[in-house]
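Per the UniProt record's numbering, residue 1 is the first one in the sequence shown, and the count goes up by one each step.
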Amino acid sequence: MLTTYLNSVPYGNAPNGQNIIGVQAAARVYYNKPAKDLTLAQAALIAGLPQAPSQYNPFRNAKAALTRRNDVLRRMAEQGYVTGAEAAAAQDAPLGLREGDFYTRRREQFVIDYVRQELIEKYGRKRVREGGLKIYTTIDLKRQQQARSALQRNFIPGGPASAIVSIDPDSGDVTTMASTAQYSDTKYNLVTQGKRQPGSTFKTMVLMAALRAGIDPDATSYTSRSGQELQPGWSPKTYSGKSGGSMSITRATLASDNSVYAQLDLDVGPENVTKAARLMGITSPLYSRPAEGLGGLENGVSPLEVARAYSTIANGGRRVVPRIVDKVVLQDGTVRRPQKVKAVRTFSAGVASKANEILEKNVQGGTGRRAALPDCPVAGKTGTTDNEADAWFAGFTRGMTTVTWVGYPLSRNPTGEQGGGRPAQTWHDFMVAAKGSSCGPFRKAPFSGSRGTGAHAGGSGDGELGPDGQPLEGPGGAADGLDGSGRTTPGGTTPPAADPGATDPTVRFER
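What follows is the structure, given as structure tokens:
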């Protein structure tokens, strides 16, 4: 009972305004040492605080704190806990405050806040506030530093913000959660709270919907016509504003061609693109609008969501649930391990393998070339939104999914960035240092599909891409030309049949 009391009562506020809960925290804040190392005078001061934490706070009212401390020492001598001489010597000692930086300097404040919220949802606010819990997370501190180094190498203070998140595609363990944001300036976690337009990274959801419908991306072609009105008020443009000619879905992915993907979205059916996104792990609101397939979302998605979605491909069609708490040790020593949510197969292995193959080609010779790693297979997709307000690179190795994002958190101001530029370069720089043993051959499984016969399909194959033979869209993967509203009616052909390899075709929202 005494341990519980000492861990739960308030001991005032630190100079930075943080509540001090528990005797250990009080010792750290007031004297910059653990409670076991306190002197008699220091322990007496802290012991006297719970009666009136604000009134006796030594940072704010040193005289009252000194009087209270000496009263505690006098009572201790009267009751025989210390000798009169010991009490007198302690009473003569100055307060000797040494403001501790144990909590103000602690690393990973954004991670701590995210973990705290998970614990509150699990154990309740009161229990978490009382303290005494030891939390072990999945975060790799070495990778955190490697992420910050990559961010610092590519971005300067005063420019757009950037964030990196990594998860293990097999387990869902979040191993990296870093950004250029300073906790002293904002408590806004760019990785988990930043709901931003995903740009062309969302074309992968269209691709997955097409593969799930049995459409062969190598045998199915479309004609890229920049600015073609596909529905009233909706005329998607390519990044360069030029038409790319006839090309297969695979080539259109490498070129990140908006015109082709807009037509494919309509042929597959926007409602099926939404379903594919859900099956991949996207939980933010979607409204089955054609513009969403090009990244024109009304509410946006977080980098963590995108990482989860791409992990479904890396994991061979199995969707994981991101987890950051590995274990919790309660006050009595009981160890609680949050139950791991088993990965759920939502796409056949063949569908995931084909998507993986195309995204790997995109890094080898498409818009994601800057992300390529030496001697390590990489698959991924660039994303750039209209006006270059957001730029992304989402990619993975065999055992590690990483997403980088660049933008201004509180505005839609242009960054001048494209997904294939600094986001892909930052991804590369981080992964060179952090990839560890995550490299290896990607999973392979046969995919069986047929030529698509949608209303917009029918190009003659891979035709003119540009005078230099490169994708006309440029390095960014931009989804410009969106009208912003996306309020169009679903078009296309008969909804595709469910992927026969997916044993869980329903959509489940998981925490």
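Cβ coordinates follow ideal geometry from the N, Cα and C atoms, glycine included.
The beta strand (DSSP E) with residue i in it runs from where to where?
{"i": "residue 163", "result": "161-167"}
{"i": "residue 135", "result": "134-137"}
Within a Cβ cutoff of 6 Å, which residues of the same chain sit near residue i, ignoring the five residues on either side of it in sequence?
{"i": "residue 426", "result": "150, 154, 404"}
{"i": "residue 422", "result": "154"}
{"i": "residue 202", "result": "295"}
{"i": "residue 31", "result": "42, 98"}
{"i": "residue 26", "result": "11, 20, 46"}
{"i": "residue 354", "result": "211, 447"}
{"i": "residue 111", "result": "139, 177"}
Have a look at residue i and residue j and give me their C-alpha separation to the nearest angstrom.
{"i": "residue 64", "j": "residue 55", "result": "7 Å"}
{"i": "residue 79", "j": "residue 70", "result": "14 Å"}
{"i": "residue 200", "j": "residue 367", "result": "11 Å"}
{"i": "residue 249", "j": "residue 301", "result": "25 Å"}
{"i": "residue 213", "j": "residue 285", "result": "23 Å"}
{"i": "residue 349", "j": "residue 211", "result": "11 Å"}
{"i": "residue 321", "j": "residue 172", "result": "5 Å"}
{"i": "residue 13", "j": "residue 20", "result": "5 Å"}
{"i": "residue 10", "j": "residue 52", "result": "9 Å"}
{"i": "residue 217", "j": "residue 253", "result": "9 Å"}
{"i": "residue 261", "j": "residue 293", "result": "7 Å"}
{"i": "residue 33", "j": "residue 40", "result": "14 Å"}
{"i": "residue 246", "j": "residue 224", "result": "6 Å"}
{"i": "residue 188", "j": "residue 91", "result": "45 Å"}
{"i": "residue 276", "j": "residue 125", "result": "36 Å"}
{"i": "residue 220", "j": "residue 168", "result": "33 Å"}
{"i": "residue 438", "j": "residue 319", "result": "18 Å"}
{"i": "residue 436", "j": "residue 430", "result": "11 Å"}
{"i": "residue 313", "j": "residue 342", "result": "16 Å"}
{"i": "residue 238", "j": "residue 398", "result": "31 Å"}
{"i": "residue 170", "j": "residue 44", "result": "52 Å"}
{"i": "residue 481", "j": "residue 297", "result": "Residue confidence for residue 481 is low, a pLDDT of 30 falling below 50, so the modelled location carries little weight; the figure read from the coordinates is stated next. Roughly 14 Å between the two C-alpha positions."}
{"i": "residue 93", "j": "residue 123", "result": "42 Å"}
{"i": "residue 57", "j": "residue 22", "result": "15 Å"}
Spatial neighbours of residue i within its chain, please: CB distance less than 8 Å, with the 5 preceding and 5 following residues excluded, ordered by chain position.
{"i": "residue 241", "result": "226, 227"}
{"i": "residue 331", "result": "3, 4, 7, 132, 133"}
{"i": "residue 408", "result": "160, 161, 389, 415"}
{"i": "residue 118", "result": "324, 325"}
Which residues bound the alpha helix (DSSP H) around residue i?
{"i": "residue 325", "result": "Segment 325-329 is the beta strand (DSSP E) holding residue 325; no alpha helix (DSSP H) there."}
{"i": "residue 430", "result": "422-434"}
{"i": "residue 567", "result": "The structure shown does not extend to residue 567, since the chain is modelled only from 1 to 511, so the question has no answer here."}
{"i": "residue 6", "result": "2-8"}
{"i": "residue 126", "result": "125-130"}
{"i": "residue 365", "result": "349-365"}
{"i": "residue 143", "result": "141-154"}
{"i": "residue 274", "result": "270-280"}
{"i": "residue 42", "result": "40-47"}
{"i": "residue 513", "result": "Given a span of 1 to 511 for the chain in the structure shown, any question on residue 513 remains unanswerable."}
Going by DSSP, name the residue or residues bridged to residue i.
{"i": "residue 13", "result": "19"}
{"i": "residue 301", "result": "196"}
{"i": "residue 28", "result": "In DSSP, residue 28 forms no bridge with anything."}
{"i": "residue 381", "result": "394"}
{"i": "residue 406", "result": "162, 391"}
{"i": "residue 176", "result": "166"}
{"i": "residue 259", "result": "Note: residue 259 sits in no beta bridge, so no partner."}
{"i": "residue 401", "result": "167, 396"}
{"i": "residue 443", "result": "Note: residue 443 sits in no beta bridge, so no partner."}
{"i": "residue 82", "result": "None; residue 82 has no bridge partner."}
{"i": "residue 437", "result": "DSSP output for residue 437 lists no bridge partner at all."}
{"i": "residue 335", "result": "329"}
{"i": "residue 344", "result": "319"}
{"i": "residue 264", "result": "Residue 264 is not bridged to any residue."}
{"i": "residue 184", "result": "Paired residues: none, contrary to the question."}
{"i": "residue 95", "result": "Per DSSP, none; premise fails for residue 95."}
{"i": "residue 373", "result": "376"}
Within the same chain, show all residues whose beta-carbon is closer than 7 Å to that of residue i, passing over the 5 residues directly before and after it, in chain order.
{"i": "residue 62", "result": "95"}
{"i": "residue 380", "result": "359, 362, 363, 368, 371, 393, 394, 395, 396"}
{"i": "residue 327", "result": "136, 335, 336, 337"}
{"i": "residue 264", "result": "206, 210, 222, 249"}
{"i": "residue 417", "result": "160, 388, 391, 406, 423"}
{"i": "residue 66", "result": "95"}
{"i": "residue 144", "result": "108, 176, 178"}
{"i": "residue 87", "result": "73, 74, 76, 77"}
{"i": "residue 82", "result": "40, 76"}
Under a CB-based cut-off of 8 Å, is residue i close to chain C?
{"i": "residue 365", "result": "No chain C appears in the structure shown, which is made up of a single protein chain."}
Problem set entry | Uninterrupted alpha helix (DSSP H) stretches inside the region 215-255 (no shorter than 4 residues) | DSSP runs (the alpha helix (DSSP H)) wholly in the region 215-255: 249-255.
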